[in-house]
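Q: Supplied in structure tokens, the structure appears directly below.
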Amino acid sequence: MKDIIQEILEKKKLNDIYLIAHYYQRAEVQDVADFVGDSYAMALAARNSRSEIILVAGVDFMAETAAILCPGRTVLSPEPSATCPMANSITAEQIVRYKEEHPDSIIVSYVNTPAAVKAVSDVCCTSSNADRIIRQLPPDKEILFIPDQNLAANVAKKVGRNLDVFPSCCPIHDPVDIEDIKELKKRFPQAQVLVHPECKPAVLELADYVGSTAGILDYVIKSKAMDFIIGTECGIFHPILKACPDKNLILASENLICPNMKSITLEKILNSITEKQTVITVPAEIREKAALALEKMISLAS
Ligand code: SF4
4 MKDIIQEILE KKKLNDIYLI AHYYQRAEVQ DVADFVGDSY AMALAARNSR SEIILVAGVD
64 FMAETAAILC PGRTVLSPEP SATCPMANSI TAEQIVRYKE EHPDSIIVSY VNTPAAVKAV
124 SDVCCTSSNA DRIIRQLPPD KEILFIPDQN LAANVAKKVG RNLDVFPSCC PIHDPVDIED
184 IKELKKRFPQ AQVLVHPECK PAVLELADYV GSTAGILDYV IKSKAMDFII GTECGIFHPI
244 LKACPDKNLI LASENLICPN MKSITLEKIL NSITEKQTVI TVPAEIREKA ALALEKMISL
304 AS
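With the working numbering applied, the sequence shown corresponds to residues 4 to 305, in that order.
Printed below as a string of structure tokens:
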């Protein structure tokens with residue numbers, strides 16, 4: 004393992020490749036990255052980097068987002084088949100049809116969507132900024148929030164506004180069960196429950212804190228508590244334990260492992276750096292429209 008890590012670090016430096024990774028990546032992948040963050044922070048890191056080549060250790064929509072925000076630069080994916088089933092559950096054609104029926108509505112698209120869907124959306128959001136963005140939209144307009152119905156329900160409650168939703172959810176977070184949390188609370192009564200808003204509303208009701216991966220990480224670091232039941236993908240344990248090695252983390256469900264995120268390995272990263280593959284491109288007409296929705300998110304969130 005030491006040899007491959009060394010080789011990645013050397014080749015990355017030699018080729019001026021900026022490697023960004025999501026918190027759900029394997030621990031060893033996070034450790035070779037130049038930047039680790041949630042999907043919003045990754046988008047900003049790609050956009051603000053000066054490197055000509057950006058390597059994205061994350062699922063396909065994350066690499067597409069980097070390609071949209073960094074025209075003229077090369078965006079690589081170490082495993083282009085790493086995808087997000089929730090993102091793939093919605094198509095641009097469905098949104099176009101919806102807009103024909105609701106011409107005055109605003110389409111708010113979670114970044115977990117394909118580029119073609121972003122291109123027909125008015126503004127993007129992530130779990131860390133969705134409520135902030137929706138609060139700034141005209142109050143008299145109908146809003147369609149896509150594609151995560153759980154995140155939509157959470158945001159609607161927070162901002163006190165009805166949202167039209169698309170019937171989809173994350174296959175990793177949605178199955179987290181309230182009975183599992185209640186059982187864990189019996190075993191660890193002192194533990195705080197921290198969950199991602201992609202979990203079901205009933206699970207969110209049991210939580211001490213609901214937030215994005217970056218929000219959960221920040222909460223644990225700042226909290227005086229020592230025990231936490233964590234309702235998000237297990238990859239978040241690595242940055243938390245790096246920052247707070249004494250804290251006791253309990254995964255809310257043993258199924259909180261995203262196989263697509265975990266399909267990226269050090270070997271694939273080394274191969275991607277060596278071969279400069281796989282280059283992720285987005286057709287210009289889609290890229291330009293999708294960039295407007297992403298840039299609107301960045302301006303409303305900052
Ligand atoms: S954790 Fe869920 S939302 Fe995130 S990439 Fe995996 S399937 Fe998609």
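C-beta: ideal position from N, C-alpha, C; glycine also.
Tell me the residue span of the beta strand (DSSP E) that contains S112.
A: Numbered from 1 along the sequence shown, position 109 holds the residue referred to as residue 112. Here the beta strand (DSSP E) through S112 covers I109 to Y113.
Q: Are the region 210-229 and the region 131-144 touching, with three or more C-beta to C-beta distances below 8 Å?
A: Taking 8 Å as the limit for Cβ pairs, the verdict is that the region 131-144 does touch the region 210-229.
Q: Kindly list the residues whose CB is nearer than 7 Å to the CB of L207, restricted to its own chain and excluding five residues on each side of it in sequence; keep chain order.
A: Here residue 207 refers to the residue found at position 204 when the sequence shown is read from its first residue. Excluding positions up to five away in sequence, the list reads N157, V198, P200 and V213.
Q: Is there at least one non-hydrogen atom of the ligand SF4 closer than 7 Å to the beta-carbon of Y26?
A: Working through the sequence shown from its first residue, we reach residue 26 at position 23. No; taking the cut-off as 7 Å, the Cβ of Y26 has no heavy atom of the ligand SF4 nearer than that.
Q: Given the structure, does H241 come close to the ligand SF4, in the sense that its CB is under 7 Å from one of the ligand's heavy atoms?
A: The residue labelled residue 241 in the question sits at position 238 within the sequence shown. Checking the Cβ of H241 against the ligand SF4 gives no.
Q: With hydrogens ignored, establish whether the beta-carbon of I98 is closer than 7 Å to any heavy atom of the ligand SF4.
A: Locating residue 98 in the sequence shown gives position 95, where the first residue counts as 1. No, since every heavy atom of the ligand SF4 falls outside the 7 Å radius drawn around the Cβ of I98.
Q: When you compare the region 44-64 with the region 20-27, are there three or more beta-carbon pairs, one atom per stretch, that lie closer than 8 Å?
A: Yes, the region 44-64 is in contact with the region 20-27.
Q: Quick one: residues in its chain with C-beta nearer than 6 Å to the C-beta of A205, no 5 flanking neighbours on either side, listed in chain order?
A: Within the sequence shown, numbered from 1, the residue matching residue 205 stands at position 202. So the qualifying residues of the chain are I181.
Q: What beta strand (DSSP E) runs, 3 residues minimum, are completely inside the region 192-220?
A: With a minimum length of 3 residues, the continuous beta strand (DSSP E) runs that stay inside the region 192-220 are 195-198.
Q: Where do the N-terminal and C-terminal ends of the alpha helix (DSSP H) with T68 fall, by residue?
A: Translated into positions along the sequence shown, residue 68 becomes position 65. Residues D63 to L72.
Q: Relative to the C-alpha of L303, which candidate in Q33, Y27, V126 and S92 has its C-alpha closest?
A: In the sequence shown, residue 303 corresponds to position 300, counting from 1. If we check each option's Cα against that of L303, V126 comes out closest.
Q: Can you look up K251 in the DSSP assignment and give me helix, strand or coil?
A: Walking along the sequence shown from the start, residue 251 turns up at place 248. Residue 251 is actually Asn in this sequence, not Lys. Note: N251 maps to strand in three-state DSSP.
Q: Report the partner residues of L79 according to the DSSP bridge assignment.
A: By 1-based counting over the sequence shown, the position of residue 79 is 76. Per DSSP, L58 and V282.
Q: For P81, count neighbouring C-beta atoms within 10 Å of its own C-beta (all shown protein chains included) and say buried if the count is 16 or more, exposed if not.
A: Along the sequence shown, read from residue 1 onward, the residue named residue 81 stands at position 78. By the neighbour-count rule (16 or more Cβ atoms within 10 Å), P81 is buried.
Q: Does the structure place the region 90-98 close enough to the region 114-126 that three or more beta carbon pairs sit under 8 Å?
A: Yes, since at least three Cβ pairs between the region 114-126 and the region 90-98 fall closer than 8 Å, the two stretches touch.
Q: What would DSSP say about D6, mapped onto helix, strand or coil?
A: Your numbering for residue 6 matches position 3 in the sequence shown. Residue state, collapsed to three classes: helix.
Q: At a cut-off of 7 Å, is V62 close to the ligand SF4 when judged by its beta-carbon and the heavy atoms of the ligand?
A: Residue numbering aside, residue 62 sits at position 59 when the sequence shown is read from its first letter. Under cutoff, so the answer is yes.
Q: With DSSP run on the structure shown, which of helix, strand or coil describes I267?
A: Start at 1 with the first residue of the sequence shown, and residue 267 comes out as number 264. Three-state result, I267: coil.
Q: Buried or exposed, going by whether 16 or more other CB atoms sit within 10 Å of the CB of D63?
A: Position 60 of the sequence shown, counted from the start, is the residue given in the question as residue 63. Flag for D63 reads buried.
Q: Which same chain residues, not among the five before or five after R138, have their C-beta less than 7 Å away from its C-beta?
A: Indexing the sequence shown from 1 puts residue 138 at position 135. Closer than 7 Å at the Cβ level, and outside the excluded window around R138, lie V162.
Q: For E257, tell me which candidate among P178, A294, V59 and L140 has the shortest Cα-Cα distance.
A: Start at 1 with the first residue of the sequence shown, and residue 257 comes out as number 254. Taking only the C-alpha atoms, the option nearest E257 is P178.
Q: Quick one, are the C-beta atoms of L297 and E31 less than 8 Å apart?
A: Walking along the sequence shown from the start, residue 297 turns up at place 294. Walking along the sequence shown from the start, residue 31 turns up at place 28. No.
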